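All remarks here apply to the structure that follows.
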Amino acid sequence: MDVGQSSGSNSTDEVWAKLVPSDSSYASIEISSDNTIVCSQISSTSDKLEWCQIIRNSDRCSATIRNKRSNFILIDGAVLESEDVVGIKCGCEIVPASTKKEHLSFKFEVMPVQEHRFENKLKIFLDSEHTKCCICLNVWHDVVTVAPCLHNFCNGCFSEWLKRCQKKHSSVLCPQCRAVVQFVGRNHFLHGIEEDILQADASLRRSAEELAILDSYATIKSNLVITNGKGNRQKRARSLIHEERVEMELPCPQCGTQSGGFRCTENIAHLQCHACGGMMPSRSDISIPQHCCGCDRTYCGAYWHAQGVTRTDHHPICQLETFRPITNRCIRQMGTTLQEVIAEWITKLDNREIDRSRLHLKHPEMITAGTHVCSDCYNTLVSFLLYWFRISLPIHLLPPEASSRQDCWYGHACRTQHHSVDHARKRNHVCRPTRGSHT
-4 MDVGQSSGSN STDEVWAKLV PSDSSYASIE ISSDNTIVCS QISSTSDKLE
46 WCQIIRNSDR CSATIRNKRS NFILIDGAVL ESEDVVGIKC GCEIVPASTK
96 KEHLSFKFEV MPVQEHRFEN KLKIFLDSEH TKCCICLNVW HDVVTVAPCL
146 HNFCNGCFSE WLKRCQKKHS SVLCPQCRAV VQFVGRNHFL HGIEEDILQA
196 DASLRRSAEE LAILDSYATI KSNLVITNGK GNRQKRARSL IHEERVEMEL
246 PCPQCGTQSG GFRCTENIAH LQCHACGGMM PSRSDISIPQ HCCGCDRTYC
296 GAYWHAQGVT RTDHHPICQL ETFRPITNRC IRQMGTTLQE VIAEWITKLD
346 NREIDRSRLH LKHPEMITAG THVCSDCYNT LVSFLLYWFR ISLPIHLLPP
396 EASSRQDCWY GHACRTQHHS VDHARKRNHV CRPTRGSHT
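Shown next, in the form of structure tokens:
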């Protein structure tokens, strides 16, 4: 038997594996079906002899081989009897005879997965005219959607529109259809479409200066609930019972009373706190942060603390501990040794001495010691700083049980280490992930 050929069912145009002969003068056997019979031609005749069957596994990167000969074949030196099956993976050596001297040996190779095979074949054709903000008449930038009419605008454009409506103490109407707006939020799905359109037609892209100005107007970072004050238009006098009910239903403490020199107007937009679910007015006239810099989610702790407002039965309010400057929290909550470590590495973070590319927060370049972050983002940051502290330690300073640990193949990306103390002690996680690596 000299030359190998393949045949099979469910054939596709894509070659997903090959049998590469040890002798380069022979061509490789290409496998393009999920169930392939490999044949060899007998030298003295034109007949072909089936010698193996290769079936692709569901993981798409390995296979099962069945011996179709009456005699045995060799798989990585192991004997495979007639009609027996065994799993094979990329790199396995296959010999269609009892010894290498009798036949060529083949190396099983799995081809790299073509990512385009898994792309959604559904294509959506969208006219760019339908992706334009009716305020500036350009393609959306940082698109936001208003409800209930579901029209879309640039974040900066609608933020300015919202500000003008609030200054005039008028209801917030949709600039496109004039429906009363009750809610506005960023639309991350349409943001991806916006990018695709600009890549397809560069002429629609605005200059960097224009976009910078537009971004400076944008104030909508999370979902806004807009109260338009319809209840104040009624002509009949309210009873005391009705007044109490309205008082209880007011979105936030500043809707019913003045605090910190500010009182909500009838048309003020409100933010809903991600932690406690309570409401606070959306304000652009103050420097008090209302969003976490690490995740862009809304938190009310710092705002109400600055206003001197405390929690009531009708208005949930976060404690400041859920949203506070990083350095203050280190000094207050951490032990002396750990405090010094964190303080040292926060200083290095401020001085740009640390690579921030693996800091899994929304705006890693903006994080400083004075940045307000929520509890979750704070824990992410401290873990990031302790990781850099750990890898900077010389090996001779490590205890023997730490220096002798074997690397975890998931490395610093391992999730088991966070909920399994035994696994965290047993394996070293200050290493790069090697799971699935072919290097």
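So that you can map any letter, position 189 of the sequence shown is 184 in the working numbering, and since no number is skipped, the others follow by simple counting.
The beta-carbon is built from N, C-alpha and C at its ideal position, and this holds for glycine as well.
Please read all numbers here as calculations on a predicted model, not as lab measurements.
Asked: Between the Cα of isoleucine 221 and the Cα atoms of Glu261, Ala207, Gln194, which residue gives the shortest distance?; Found: Glu261
Asked: Helix, strand or coil for glycine 296 per DSSP?; Found: helix
Asked: Whole angstroms is fine: what's the gap from cysteine 144's alpha carbon to glutamine 171's?; Found: 9 Å
Asked: Spatial neighbours of leucine 99 within its chain, please: C-beta separation below 7 Å, excluding the five flanking residues on both sides.; Found: Pro16, Ser17, Asp18, Tyr21
Asked: Whole alpha helix (DSSP H) runs in the stretch 349 to 398 with 4 or more residues, listed along the chain?; Found: 370 to 387, 395 to 398
Asked: Quick check on the DSSP output: the alpha helix (DSSP H) that includes leucine 209 runs from which residue to which?; Found: 203 to 212
Asked: Go through its chain and collect everything with a Cβ distance to serine 398's Cβ below 6 Å, but skip five positions before and after it.; Found: Ile390
Asked: Is the Cβ-Cβ distance between glycine 306 and histidine 269 less than 7 Å?; Found: The displayed chain sequence assigns arginine, not glycine, to residue 306. Against a cut-off of 7 Å, the Cβ pair of histidine 269 and arginine 306 comes out as no contact.
Asked: Under the three-state reduction of DSSP, which class applies to alanine 452: helix, strand or coil?; Found: Not covered by the structure: residue 452. The range shown for the chain is -4 to 434.
Asked: The beta strand (DSSP E) that contains isoleucine 312, what's its start and end?; Found: Note, isoleucine 312: premise wrong, no beta strand (DSSP E); not H, not E.
Asked: Does DSSP put glutamate 110 in a helix, a strand or coil?; Found: Low confidence applies to glutamate 110: its pLDDT is 49, below 50, so where it sits in the model is not reliable, and the reading given next is rough at best. Looking at glutamate 110 - three-state DSSP - the assignment turns out to be helix.
Asked: Leaving out five residues on either side along the sequence, give the residues of the same chain with a beta carbon under 6 Å from the beta carbon of asparagine 150.; Found: Asp137, Val139, Ala213, Ile215
Asked: Quick one: give me the first and last residue of the alpha helix (DSSP H) that tryptophan 156 is part of.; Found: 150 to 162
Asked: Do you know how far the Cα of valine 377 is from the Cα of serine 254?; Found: 35 Å
Asked: Round the Cβ separation of proline 91 and cysteine 47 to the nearest angstrom and send it over; I've been treating them as touching at under 8 Å.; Found: 7 Å
Asked: Is the beta carbon of glutamine 285 sitting closer than 7 Å to the one on glycine 296?; Found: no
Asked: So which of Ile50, Ser123, Leu44 has the shortest CA-CA distance to phenylalanine 103?; Found: Ile50
Asked: Any contact of the stretch 159 to 166 with the stretch 201 to 211, i.e. 3+ C-beta pairs under 8 Å?; Found: no
Asked: Looking at the secondary structure, which residues open and close the beta strand (DSSP E) in which leucine 44 lies?; Found: 43 to 51
Asked: Measuring straight from C-alpha to C-alpha, what distance separates aspartate 29 and cysteine 369?; Found: 51 Å
Asked: What are the start and end residues of the alpha helix (DSSP H) that includes lysine 421?; Found: 416 to 421
Asked: What does a CB cutoff of less than 6 Å around cysteine 259 pick up in its chain, not counting 5 residues either side in sequence?; Found: Gln249, Cys250, Pro276
Asked: Histidine 136 by DSSP, collapsed to three states: which one?; Found: coil
Asked: Pull up the distance between the alpha-carbon of glycine 86 and that of arginine 61, whole angstroms please.; Found: 17 Å
Asked: Taking Cβ positions, are leucine 388 and tryptophan 340 nearer each other than 7 Å?; Found: no
Asked: Only counting the same chain, and skipping five residues up and downstream in sequence, which positions put a Cβ closer than 8 Å to that of isoleucine 283?; Found: Ala297, Tyr298, Ala301
Asked: What does the alpha-carbon distance come out to for the pair isoleucine 362 and aspartate 345?; Found: 8 Å
Asked: Between the beta-carbon of phenylalanine 67 and the beta-carbon of glutamate 78, is there less than 7 Å?; Found: no
Asked: Can you have a look at alanine 58 and say buried or exposed, based on whether 16 or more other CB atoms are within 10 angstroms of its CB?; Found: buried
Asked: Taking arginine 183 as part of the alpha helix (DSSP H), name the residues at either end of that continuous run.; Found: Here residue 183 is histidine; the residue named in the question, arginine, does not match the sequence. Per DSSP, histidine 183 belongs to the alpha helix (DSSP H) from 183 to 195.
Asked: Take the Cβ of lysine 421 as the centre, count every other Cβ of all protein chains shown within 10 Å, and call the residue buried at 16 or more, exposed below.; Found: exposed
Asked: Quick one: is leucine 132 buried, meaning 16 or more other Cβ sit within 10 Å of its Cβ, or exposed?; Found: exposed
Asked: Leaving out the 5 sequence neighbours to the left and right, which residues in its chain are closer than 6 Å to glutamate 25 when beta-carbon positions are compared?; Found: Val10, Lys13
Asked: By the 10 Å Cβ neighbour count, where 16 or more other Cβ atoms means buried, how is arginine 64 classified, buried or exposed?; Found: buried
Asked: Whose C-alpha, out of Arg400, Val81, Cys426, Phe257, is nearest the C-alpha of aspartate 417?; Found: Arg400
Asked: For the alpha helix (DSSP H) that glutamine 249 lies in, which residues bound it at each end?; Found: 248 to 251
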